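Numbering (my numbering), first residue to last: 12 to 105.
The beta carbon of each residue, even a glycine, is placed where N, CA and C say it ideally should be.
Only a predicted model underlies this, so the values are computations on that prediction, with no experimental measurement involved.
Heads up: the structure comes next, in structure tokens.
As structure tokens, this is what we get:
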């Protein structure tokens, strides 16, 4: 491998990483085979580092929804105690 090729592909790889484009779009725009790009990226030992994304845990405000015969909706939230739920259901049945 010549130093010129190493330098050429090294610059292209750095350019692609900085561009924010997908490899396919970057290569197509420049008339480069994406297979060649992957080959040289692997050969030169440069690849994007693996990163973990932080995910926000979302808890549902309503874990159960009852639709009454009248069309009204009754949402029962997470953590409601059994006694309260019995009172509500008894009231709805009347």
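- Counting only unbroken stretches of 3 or more residues, the beta strand (DSSP E) elements lying wholly within the region 23-97 are 73-78 and 84-88, in sequence order.
- Contact between the region 14-22 and the region 31-44 is absent, with fewer than three C-beta pairs closer than 8 Å.
- Residue 48 is a Cβ neighbour of residue 34, given a cutoff of 8 Å.
- In this structure, the alpha-carbon of residue 88 lies about 11 Å from that of residue 77.
- When rounded, the separation of the alpha-carbon atoms in residue 23 and residue 64 is 27 Å.
- 85 is the residue among 85, 98 and 67 whose C-alpha sits nearest the C-alpha of residue 75.
- Judged by DSSP in its simplified three-state form, residue 17 adopts helix.
- Residue 27 counts as buried, since at least 16 other C-beta atoms from the protein chains shown sit within 10 angstroms of its C-beta.
- Residue 37 and residue 31 have their C-alpha atoms some 9 Å from each other.
- For the pair residue 102 and residue 91, the Cα-to-Cα distance works out to about 16 Å.
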